[in-house]
């Protein structure tokens, strides 16, 4: 896919707010440190930024119409995802998927872009509008006009299947998805309701029925929040999926725009002095008034420890930050006219006037500070992940991105939970200690046998230091950052290399060759060749096989072959496609190994806006 780069200028500003800087009624940190970057600097408007992990997306004018843009924070690279003759707008990003809706010349359709492969897929192709997609993992939801009213649909990016999950005589709008649950506002007459759909069971549940004015529900983990009119007030309520109970959070005044992350809910409360921001914690059943001023504070957003919102007064609109743990409030902008702030962990994005048009801005909230002679330096990251540096020499931001897909599963090892990609912009002294949480109910055996592995770019290395069976954490020590996993050893570990390492699905080759090396102290002559199976379904060819040293590293390896057509039948194109080998030694000990290859399909052009795979309802 050809990528077009937008005009881009990154001007990094180091902003330090000193003790004594006061905005009416706000409490400020004595040394709140963050870095701000201007992501766009062009002659047209850019709108609606959204951030997730390392990625920021937005839509902007390219001189003809509206197109979708993607910025990768770590590389400071901006890519124009779409380039066509119609409007594309309102993108969302989660992990490595970007979704949006675009006008195909007749109506609005839903599109998805895979950041890892660079491929665009058109998810809908029909004669009516489909708008406002949301994405979590492999699931994309949106609502579309069926000719009579709005209905909610679901598309799974992994299986390529689409499901219309509502079909009635009233509007179903603004769905949100988290894990295997979908919620939306069902606008039946004369009352509205909050509806929840369970993807595995396909069951729909009506959680609340009441008067009109339901705020659009938000979902995260086991909780759903919404707003509704109760006893004459706009009230905020939440639903606990695990206990199937509803709790009303507010009882007086009018409250709007509830948003949730983890155990916390934030919203706007209308008081005689204006709109103020409030925070409720599920676990502690406590409410905190975040703002207390004569200005208007509105549209709060929350992620982890950080709450952001717009503060309006004196002819300006500033982006404000409140950090829950410290209780400190900081202005991220000064003298601006900002709009649409969004936050993910320690990254905040917004739109603001830059000259004569609207531009995109990013603030990174530093959480890792130079030790100033005090070492080691420990940083707690959301999700009970922590990192301890031997020392930190330059401030920066440390964060962890969880993924349910392990890049290359370690051989002889069963991964429990997710892969943790830990990154920092701080300059530090190695080694680094990483502590990850685990669920003891998911450990099949003795917790003390758990191991942590770190991917060093070529192999998984065992970095285990300790397992805390009381607090359910595992700690490892590594010389570098990025992917970490933990789990149970399952047998003999092996390394495997494939030839070819790029498979063309249109090729008619006979075999794929594998070279297997065992862990130290093990002899490849003791591998039970007949037990080997690739990707759970492709048995080894009993001949030829040969012991040699394919990579000339001084370690003996076993060469075996597998039927190429049988393997390719179960593969989809991708830059990193996992292949897993299972088998045993002659002693009966289990053996496993894994690696990735590139899979291409040169007989089929990449999907784009004018030539895309589609599902038609």
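In this note's numbering, the protein residues as written are 23 to 639. A virtual CB, placed ideally from N, CA and C, is assigned to each residue, including glycine.
Does the region 254 to 273 come close enough to the region 332 to 340 to have 3 or more Cβ pairs within less than 8 Å?
Touching, no.
Return yes when the C-beta of residue 513 is under 8 Å from any heavy atom of the ligand MN, and no when it is not.
Inclusion of the ligand MN in the displayed structure is not the case, the ligand content being empty and no account of it being possible.
Count the other CB atoms within 10 Å of the CB of residue 343; is the residue buried (16 or more) or exposed (fewer)?
Result: buried.
Taking the DSSP output, what are the residues bridged to residue 256?
Partner(s): 251.
Extract the residue ranges of the beta strand (DSSP E) inside the region 291 to 339, only unbroken runs of 3 or more that lie entirely within it.
The region 291 to 339 contains these whole beta strand (DSSP E) runs: 296 to 303, 308 to 311, 318 to 325, 328 to 335.
Using the three-state DSSP reduction, which class does residue 171 fall into: helix, strand or coil?
DSSP places residue 171 in coil when its eight states are reduced to three.
Using the three-state DSSP reduction, which class does residue 591 fall into: helix, strand or coil?
Reduced to three states, the DSSP call for residue 591 is coil.
Would DSSP call residue 636 helix, strand or coil?
Confidence is the limiting factor: at residue 636 the pLDDT is only 30, short of 50, which leaves the residue's position unreliable, though a coordinate-based value still follows. Reduced to three states, the DSSP call for residue 636 is coil.
Are the Cβ atoms of residue 154 and residue 196 separated by less than 9 Å?
In this structure, residue 196 lies closer than 9 Å to residue 154 by Cβ.
Which parts of the region 349 to 400 are runs of the alpha helix (DSSP H), unbroken and 4 residues or longer, counting only runs that do not cross its ends?
As far as the region 349 to 400 is concerned, it has no whole alpha helix (DSSP H) run of at least 4 residues.
Below 8 Å on the Cβ atoms is my contact criterion, and I expect residue 607 with residue 548 to pass it. Report the Cβ-Cβ distance as a whole number of Å.
Their Cβ separation, rounded to whole angstroms, is 5 Å, which keeps residue 607 and residue 548 in contact under 8 Å.
Taking residue 601 as the reference, give the member of 521, 619, 594 with the closest Cα.
Ranking the options by Cα distance to residue 601, first place goes to 619.
Considering residue 503, what are the terminal residues of the beta strand (DSSP E) in which it resides?
Run containing residue 503: none; DSSP gives neither H nor E here.
By a C-beta neighbour count over all protein chains shown, 10 Å radius and 16 as the cutoff for buried, is residue 54 buried or exposed?
Model confidence at residue 54 stands at a pLDDT of 39, short of 50, so the residue's coordinates are unreliable and nothing is read from them.
Skipping 5 residues on each side, what residues in its chain have a beta carbon closer than 6 Å to that of residue 487?
Taken in chain order, the residues that qualify are 497, 498, 499.
Considering only the beta carbon of each residue, do residue 513 and residue 611 sit closer than 9 Å?
Cβ distance < 9 Å, so residue 513 and residue 611 count as in contact.
At least one CB of chain C closer than 9 Å to the CB of residue 554: is that the case?
Note that chain C does not occur in the displayed structure, where there is just one protein chain.
What are the start and end residues of the beta strand (DSSP E) that includes residue 422?
Run containing residue 422: 420 to 425, per the beta strand (DSSP E) assignment.
DSSP on residue 464, reduced to helix/strand/coil?
In the structure shown, residue 464 sits in a helix (DSSP, three-state: H, G or I).
Can you tell me whether residue 210 is helix, strand or coil according to DSSP?
In the structure shown, residue 210 sits in coil (DSSP, three-state: anything other than H, G, I, E or B).
If you check the beta carbons only, do residue 157 and residue 199 fall under 9 Å apart?
Yes, the Cβ-Cβ distance between residue 157 and residue 199 is below 9 Å.
Quick check on the burial criterion: 16 or more other C-beta atoms within 10 angstroms. Buried or exposed for residue 97?
By the 10 Å Cβ count, residue 97 comes out exposed.
In chain order, what residues of the same chain lie with their CB nearer than 7 Å to the CB of residue 550, ignoring the 5 residues before and after it?
The answer, listed in chain order, is 605, 606, 607, 608.
Taking the straight line between their C-alpha atoms, what separation do you get for residue 137 and residue 112?
Near 17 Å, if we compare the C-alpha coordinates of residue 112 and residue 137.
Given 8 Å as the limit, is there contact between the region 311 to 319 and the region 368 to 386, that is, 3 or more CB pairs closer than that?
Contact between the region 311 to 319 and the region 368 to 386 is absent, because fewer than three Cβ pairs lie under 8 Å.
Could you give the uninterrupted runs of the beta strand (DSSP E) lying entirely in the region 542 to 575, keeping only those of 3 residues or more?
Qualifying beta strand (DSSP E) stretches, in chain order: 560 to 570.
Kindly confirm or deny that the region 98 to 110 and the region 401 to 410 touch, where touching means at least three C-beta pairs closer than 8 Å.
No: the two stretches stay apart, fewer than three of their Cβ pairs being nearer than 8 Å.
Hey, could you find the ends of the beta strand (DSSP E) residue 471 is sitting in?
From DSSP, residue 471 is part of no beta strand (DSSP E); its letter is neither H nor E.
Could you check what DSSP says for residue 72 in three-state terms: helix, strand or coil?
If DSSP states are grouped into helix, strand and coil, residue 72 belongs with the strands.
When the Cα atoms are used, what is the spatial distance from residue 7 to residue 556?
Residue 7 lies beyond the stretch modelled for the chain, which goes from 23 to 639, so this question has no answer here.
Which runs of the beta strand (DSSP E), 3 residues or longer, sit entirely within the region 122 to 161?
Runs of the beta strand (DSSP E) inside the region 122 to 161: 130 to 136, 141 to 144, 152 to 158.
Whose C-beta lies closer than 8 Å to the C-beta of residue 358 among residues of the same chain, with five residues either side of it excluded?
For residue 358, where only same-chain residues beyond five positions count, the Cβ hits under 8 Å are 338, 339, 340, 341, 374, 375.
Please classify residue 472 as buried or exposed, where buried requires at least 16 neighbouring CB atoms within 10 angstroms.
Classification of residue 472: buried, given that the 10 Å Cβ count is 16 or more.
To the nearest angstrom, report how far apart residue 49 and residue 307 are at their CA atoms.
The predicted position of residue 49 is uncertain, since its pLDDT is 36 and thus under 50; a value taken from the coordinates is nonetheless stated next. If I take the Cα positions, the gap works out to 24 Å.
What span of residues does the beta strand (DSSP E) with residue 582 cover, start to end?
Residues 579 to 585.
Based on the DSSP output, what are the partners of residue 239 in its beta bridges?
Note: residue 239 sits in no beta bridge, so no partner.
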